[in-house]
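Right, one structure below, let's go through it.
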Amino acid sequence: MLISRFNTLEEMVFPFVPDNDSGSVDFQLSRLEGIKKDASSIDFTDSDIELPGTSRKTVAEDVTPLLIEGPPGLIVVENLTESVQDFLNGDRKGDAEKLTFLRCLSSLSQTSPYDETAESFIHDHLEQIVNAINMIIQQEPFHSLFTPVRQEVFIAITDLSSQEINLLFGSKEKLDLFSNLLKSIITLPSTKILNILQAVMPTGQYNTESLYRQTFQAFCEMLQCLVLQDPHLENLDQILEYMEPWLQSAKDQERERAAASMAQMLRSLSRHANLQPPLHFQNLGKLVALMALLCGDPVEEVMQEASEGTHHLLRITLRIKCLTNDKKGHQNFKGAVKKCKELLEIYDIRQFYSNPFKIAQVFEVFLNPNELSQYIITTLDGLKNLKHPRIQQSAGILLVTMVQCAETRFEKVSDIIRAICGRLPNISQPIARQHAMSLVSLFISKPTYTDIVLDHLLLHPIPFDRHLAELWRTLDVDLPNTTWILWRLLRKLQKCHSTVEDKMAFIAVAATDALYEIFVGNKLQAATYRLFPQLLMTLLIQMHHSIGLKMSDVFVPNGMYIEEELVTTCTPLSFSIQATKALLLRTTCWFEFYTMEKKKGWNLLELESEHIQGVSLLANVLLEKHAVLAQRTLYLLIPLLNRGNEKHRLTSAAFFVELLRSPLARRIPKRYTIVRLEEWLHHENYQFRVLSLKGMDNLLCYHQGMEEIQDMIPAIISNLSEANERIVLLSINVLRDLLNTMDFTTLKDTMHALFSLFSDVRPRIHLLAVNLFGDSIKMVKSKDKKKIEGQILESLIPLLLHLQDEDDDIAKESSRVLSIICHFLKWRIPREVYHKDPWHGRSGIEAICKFFEQKCRGKCNMLVQAVKYIQSDQVNLRREAIFVTGALAKFMDYNELRTKGTEWLEEILRPQLYDPEPSVRIIAAQALIRVQRAVLIQPEPTPVLLLNLTISLGAISSTTLELDPDIGGIKRVERTRLKRPQLQSLAPQAPRNLNIPHPASDRHDRMRTTTPSILKPSSLQRSAAAEGEKPRIWVGSREKGQGRQDPVPQGSTLFRDSFRALWRGGLWGSCGPRSPRQKRAA
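Under numbering that gives the first Met the number 0, the sequence shown is numbered contiguously, ending at residue 1081.
What follows is the structure in structure tokens.
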């Protein structure tokens, strides 16, 4: 016969709750007080903890006796199996057929203990039964409840489960059925809406509200049966996995049903469970978090159900931990039990959900590290609940309380941090975001977890998104721990500098970006001040390593994706520069920041060749305005100078040598200063030599290490021949500081090296060399004057020539040194030397040259000194060197000049006739004439007419142009007609290789002004050259039928070259009046 069914809630039987259960959840743990053993060695068993209200009866013992009191008849079993079989094989399946099938299946399950045929039938058709029930559930409408089909489904599954026939767990089809069952009951509309639907669409057969209560109670009984049939709690694990989304649902009625069903299931489990090891419940932390969150639900009914369920869960947790003897998770288990008892005695349900942080405090001692991580990750999901701020607030309190209580018992901290970072974009409420980020601050402040948190936070794409940037900026840690956190982050960046790899480590760029965000947030200000020297130097070294790199040159970990736009716009160097700027601003180094901006210091730091200068600029300004910070950095740099690769050492050394100007540098042992500077002085890298010289200069400012540095003077002098300008300039500065300590031999070597720089084309080097040369002369003692006189005399002509240098500073310094030399030699130098423009009057410079020649005759070859500047790049020096050469040749000793010859001078001067500068060509022509005349003419020559070019200006007078070497140019002379005897009287004084033209006739004197034939060869000359004859130069004027043309032999090369220079210089046409034709052409 069929088992009768109950159609009203009043007739429903709850078989798992004792009749004497009053619903109170106040536990009485009186028997726990009798435990005498120590907590460290105590062994708990189920018999040790016997809680009142806890029954050990099995489900079968507690169930009300069934209506079938004996074995069913064969006919009944056959009828039941046929009915089930017909439904499984039939096509038409209405509500009546479904109800018949489900009731027969339920009755058949109860006959299985007495009939093997029924049991065998169910097991043989189990898969078909599962599919049939799944089909029935899926056909039920989710928006209404008009039939008891769902109720019968839950009852049938409960009956089958009580006979250990599993329809819900194991295979995919069974799990799908369980998921559909949960969805079909929990997603129903609220009771109010169901009543409205019944009023709109009355069926007249069932009361909707009563049917809903019966159906939901049947669902709860099914869950209770499932967990009680499994002493290992594996089914509880499965139920929680599918129930979790509904416990966190945004709809109030869904959360209420899920919480109520879970509370009833936990109550039944806490009172009737017969737990046996091994236990497979792996989600205790998640369940505690879900129930704790529901205790802060805004719906009153949900809070009450969750609070009751949490009390039952605490009892279950206590039994689980006693059974598993999990002493590793909580060393003081006895204290935990006592704490649990006190809580349950003092607080009732309402007080419990009013103080959710108490839940975290009690459960914390029972949860192992893995369960703690589950708790944190699950509670984080509560922060995403935008609809209910109260849940967010409870979640934040639960999280902070649990982390503070558990302290160092977490093991999967990386998973927790990953969960926080992953959920931050979905948490929009400021308070909720603050709670989530405060967890990171709590974890990172624990020394045990600092590196774990940092490693995970740094493994995010850079630049950090706004959520992660906010996380870095809002790190709020207690003062004792701020320095530790910043130090650990700094060490991760420093470790990247000690290794040499093809690509930059990603962690280096990420740590630099993290430091920038921390500086911007300014939450760790005290630690930033304390670690300023380390932070500054590490960022400068990172900057040096980043020069020239792109994001493609950074080794990105597998699985990380960086946007293409960021790859092209961001560079590792930009991260380090912005972090350094933020550091200066947050440590109130305003002056340093603006000085770097004003003097383009950041641009210097970005260049490989100028990076050291940028570091030096920052070190100088830091020493000027923040001496205390600079001195702390100085002590830090001493051990850094020998660490890392070359870039690391270069940056440290650049900062170190600038800080040697600090008075505190006197306290540093010489083995850290002088010895190191000497090593760098001989380093193959020129930048280390630059730093060595700069360090010596800084030390000598305070007269430190003079004796030791004095031994390095030969090496310093050798640096004067370096091609690098900075090395030469610094060497000169160091030699200037050591000038007072030099002996005569060293001083002489120094002056010789400085004299070699007089012809240097670099103005700064030239200026400092001349300046130091003059100061060196002052240091020569009287007894050593004769020994160094020759070397000083060799500098006279170079100094004289540089009076006309393009650089005014060099010209002034040359004049000053000339005065020093004359005072040293006790000469009374001509006043023309001190003239503002001594070259304005040629007689003045000739007087100077004559004075120097007479004073230095037999002591030095001044002509050689002048010749060296003929090839100068400066037009002024080149022109005046040529003129001085001619002037010196004029006043040189005649015998000495003839002995040495002038061919070498002519070879040097002759190319200058083709100089692109016209004035140089003219002066070169004059110098050539003077050089040859100096050999041909006896001493003290008189002015001679070298060239008489007559230009007829009329019948009365004539104009003569004379090239006179005494005045250094061409002069125009008005004179009357010259008679032949007068001209012949002048002829003996002319050079022997020049042919003087015959005197002009009257007719010749009256000729019109024409182009001189010497500049424009006649047709006769051209024809003579064509016939192979020796060409001649014609002097005089050409006019048809007039005048006489007297040839001058071409053999005089001096004559030819001189006039060629005059023609190229354009000076011929400027002399004398021009014809009307020439005026029109102009």
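Even glycine gets a Cβ: it sits at the ideal position worked out from N, Cα and C. Computed from a predicted structure; not experimentally measured.
query	result
Helix, strand or coil at Asp1045 [DSSP, three-state]	With a pLDDT of 41 at Asp1045, under the threshold of 50, the modelled position of that residue is not reliable, and the figure given next carries that caveat. Residue state, collapsed to three classes: strand.
Inter-residue spacing [alpha-carbon to alpha-carbon] between Asn732 and Phe531	33 Å
Alpha carbon of Thr498 to alpha carbon of Pro446, nearest angstrom	26 Å
Integer Cβ distance of Gln162 from Pro230, believed to fall under 8 Å	Not really, about 16 Å apart at Cβ, beyond 8 Å.
Supposed contact pair Asp464 and Met503 - C-beta distance, whole angstroms, cut 8 Å	At roughly 21 Å, the Cβ-Cβ gap does not stay under 8 Å, so Met503 and Asp464 are not in contact.
Residue burial classification, Thr57 (beta-carbon count within 10 angstroms, cutoff 16)	Bear in mind that the predicted position of Thr57 carries a pLDDT of just 36, short of 50, making it unreliable; the figure below should be weighed with that in mind. It is exposed - the Cβ of Thr57 has fewer than 16 other Cβ atoms within 10 Å.
Rounded Cβ spacing between Leu292 and Ala394 (contact assumed at less than 8 Å)	6 Å
For Phe590, the residue or residues it bridges with in DSSP	DSSP lists no partner for Phe590.
Bridge partners - Ala504, DSSP secondary structure assignment	Phe554
DSSP three-state assignment for Phe43, whether helix, strand or coil	Only weak support exists for where Phe43 lies, its pLDDT of 39 falling under 50; the coordinates are left without a value.
Enclosing alpha helix (DSSP H) for Thr214 [first to last residue]	207-227
Nearest-angstrom Cβ-Cβ length linking Ile1082 and Val476, presumed shorter than 8 Å	This structure cannot settle anything about residue 1082, because the visible part of the chain is limited to 0 through 1081.
For Leu606, the three-state DSSP class (helix, strand or coil)	coil
Inter-stretch contact at 8 Å, needing at least 3 Cβ pairs: the stretch 769-777 / the stretch 815-827	yes
Spatial distance of Leu690 from Val656 (CA atoms)	7 Å
Close beta carbons around Phe505, own chain, < 7 Å, minus the five adjacent residues each side	Val553, Phe554, Val555, Pro556
8 Å Cβ cutoff met for Glu300 and Glu255	yes
Beta carbon of Trp471 nearer than 8 Å to that of Ile415	no
Proximity winner among Thr527, Leu734, Glu208, relative to Phe772 (alpha-carbon distances)	Leu734
Backbone CA spacing between Leu659 and His543 [nearest angstrom]	22 Å
Cα-Cα separation, Ala222 to Trp483	First, the amino acid is wrong: residue 222 is Leu here, not Ala. Looking at the two C-alpha atoms, the distance is approximately 51 Å.
Cβ-Cβ distance between Arg877 and Val919 below 8 Å	yes
Residue from Leu87, Asn234, Ile390, Leu456 with nearest C-alpha to Met302	Ile390
Touch test, the stretch 860-870 against the stretch 880-892, Cβ-Cβ under 8 Å, three pairs minimum	yes
Segment limits, alpha helix (DSSP H) that includes Glu677	673-680
Phe850 vs Glu793 beta-carbon contact at 8 Å	no
Counted within 10 angstroms of its Cβ, other Cβ atoms place Ala259 as buried (16 or more) or exposed	buried
Helix, strand or coil at Trp826 according to DSSP, with G and I counted as helix	coil
Supposed contact pair Gly89 and Glu81 - C-beta distance, whole angstroms, cut 8 Å	That belief does not hold up - the Cβ atoms of Glu81 and Gly89 are roughly 11 Å apart, past 8 Å.
Stretch-stretch touch, CB-based, cutoff 8 Å, three pairs: the stretch 106-121 with the stretch 157-177	yes
Opening and closing residue of the alpha helix (DSSP H) in which Ile540 lies	531-545
Coil, strand or helix - Ser984 by DSSP	Note that Ser984 has pLDDT 41, beneath the 50 cutoff, so the model's placement of it is unreliable and the number below is only indicative. Of the three classes helix, strand and coil, the one that applies to Ser984 here is helix, per DSSP.
Cβ neighbour criterion (16 or more within 10 Å) applied to Asn718	buried
Coil, strand or helix - Gln127 by DSSP	helix
Where the alpha helix (DSSP H) through Gln493 begins and ends	478-496
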